[in-house]
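Peer 1:
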Amino acid sequence: MGKEARARVLADNQAKAIGRMIRVSPRKLNLVAQTIRGKRAEAALNELTFSEKRIATVVKKVLQSAIANAENNHDLDVDNLVVKSATVGKNLVMKRFHARARGRGAGIEKPFSQITIVVEELKEEEVKKAKAAKAEAKKAAAAKRLAKKAVAAKENA
């Protein structure tokens, strides 16, 4: 009876959540989605918490749902989660009538959109590699600053 279970589309180290019928235009929703793509889950939650965009609260709920799915359904480590993708799509458009002067009417479109957030668990080696790369970049930036200061001091002397 019933349908057969579908094969898992995502990798074993991924989980997703979908928010549908979000009452905002896809363009505005994508502005918020851009801010969290590629970030660690914790950092993305902080970003959404302090965002001034109205829709950030809805995106935060979807992200929390994806994190909960990762933890409860797929046994992934929450500390190593990264937002792999945050895709935004169109949904239905409500059309409304707005009365205008001289008996005319104008249409108003009220768009809805949807967002799909996929979180991925990084392996321990990848986490260490990312931290090492970040530290290396910091050292390089510091060395560049010092070199710049040395050149400036040399010119002034």
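Going by the working numbering, 29 is the number at position 25 of the sequence shown; the sequence numbering is gapless. Positions of the beta carbon are idealized from the N, C-alpha and C atoms, including for glycine.
#1: How is the alpha helix (DSSP H) around residue 71 delimited, first residue to last?
#2: For residue 22, which residues in the same chain have their Cβ closer than 6 Å to its Cβ, ignoring the five residues on either side in sequence?
#3: Are the Cβ atoms of residue 55 and residue 115 separated by less than 8 Å?
#4: Between which two residues does the alpha helix (DSSP H) harbouring residue 160 extend?
#5: Assign residue 112 to buried or exposed, taking buried as 16 or more other Cβ atoms, counted over all protein chains shown, within 10 Å of its Cβ.
#6: Just grab the DSSP bridge partners of residue 120 for me.
#7: What are the residues that DSSP puts in a beta bridge with residue 111?
#8: Report all residues from its chain with a CB closer than 6 Å to the CB of residue 88; omit the five preceding and five following residues, and keep chain order.
#9: So, under 8 Å CB-CB, residue 117 and residue 143 are touching, yes? Tell me the CB distance rounded to an integer number of Å.
#10: Per DSSP, which residues does residue 86 bridge with? Please list them.
#11: Is it the case that the segment 40-52 contacts the segment 65-85, given that we only count it when at least three CB pairs across the two stretches are under 8 Å?
#12: Using the C-alpha atoms, what's the distance from residue 64 back to residue 13?
#13: Out of 77, 39, 152 and 35, state which residue places its alpha-carbon closest to the alpha-carbon of residue 18.
#14: Which of the three DSSP states is assigned to residue 49 in this structure?
#15: Determine the direct distance from the alpha carbon of residue 40 to that of residue 149, and round the result to whole angstroms.
#16: Compute the distance between the beta-carbons of residue 33 and residue 97, then report whether it is under 8 Å.
Peer 2: Taking the coordinates as given:
#1: Indexing the sequence shown from 1 puts residue 71 at position 67. That run of the alpha helix (DSSP H) goes 60-76.
#2: By one-based count along the sequence shown, residue 22 stands at place 18. So the qualifying residues of the chain are 120.
#3: Taking the first residue of the sequence shown as position 1, residue 55 is located at position 51. Taking the first residue of the sequence shown as position 1, residue 115 is located at position 111. Not a contact, by the Cβ cut-off of 8 Å.
#4: By 1-based counting over the sequence shown, the position of residue 160 is 156. Unbroken alpha helix (DSSP H) run through residue 160: 128-160.
#5: Translated into the one-based positions of the sequence shown, residue 112 becomes position 108. With fewer than 16 Cβ atoms within 10 Å of its Cβ, residue 112 is classed as exposed.
#6: As a working note, residue 120 is residue 116 in the sequence shown. 22 and 91.
#7: The residue given as residue 111 occupies position 107 in the sequence shown. DSSP, once it has assigned bridges, lists 101 as partnering residue 111.
#8: Along the sequence shown, read from residue 1 onward, the residue named residue 88 stands at position 84. Cβ within range, chain order: 122 and 124.
#9: Counting from one through the sequence shown, the residue named residue 117 turns up at place 113. Counting from one through the sequence shown, the residue named residue 143 turns up at place 139. No, residue 117 and residue 143 are not in contact; Cβ-Cβ is about 42 Å, not under 8 Å.
#10: On the sequence shown, residue 86 is found 82 positions in, with the first residue counted as 1. Answer is 44 and 124, bridged to residue 86.
#11: yes
#12: The residue labelled residue 13 in the question sits at position 9 within the sequence shown. The residue labelled residue 64 in the question sits at position 60 within the sequence shown. The alpha-carbon atoms of residue 13 and residue 64 are separated by roughly 24 Å.
#13: As a position in the sequence shown, residue 18 is number 14, starting the count at 1. Of the listed residues, the one whose Cα sits closest to residue 18 is 77.
#14: The residue labelled residue 49 in the question sits at position 45 within the sequence shown. Reduced to three states, the DSSP call for residue 49 is helix.
#15: To locate residue 149, count along the sequence shown from 1; it is residue 145. To locate residue 40, count along the sequence shown from 1; it is residue 36. Cα to Cα, the separation comes out at about 29 Å.
#16: In the sequence shown, residue 33 corresponds to position 29, counting from 1. In the sequence shown, residue 97 corresponds to position 93, counting from 1. Their beta carbons are not under 8 Å apart, which means residue 33 does not touch residue 97 by this criterion.
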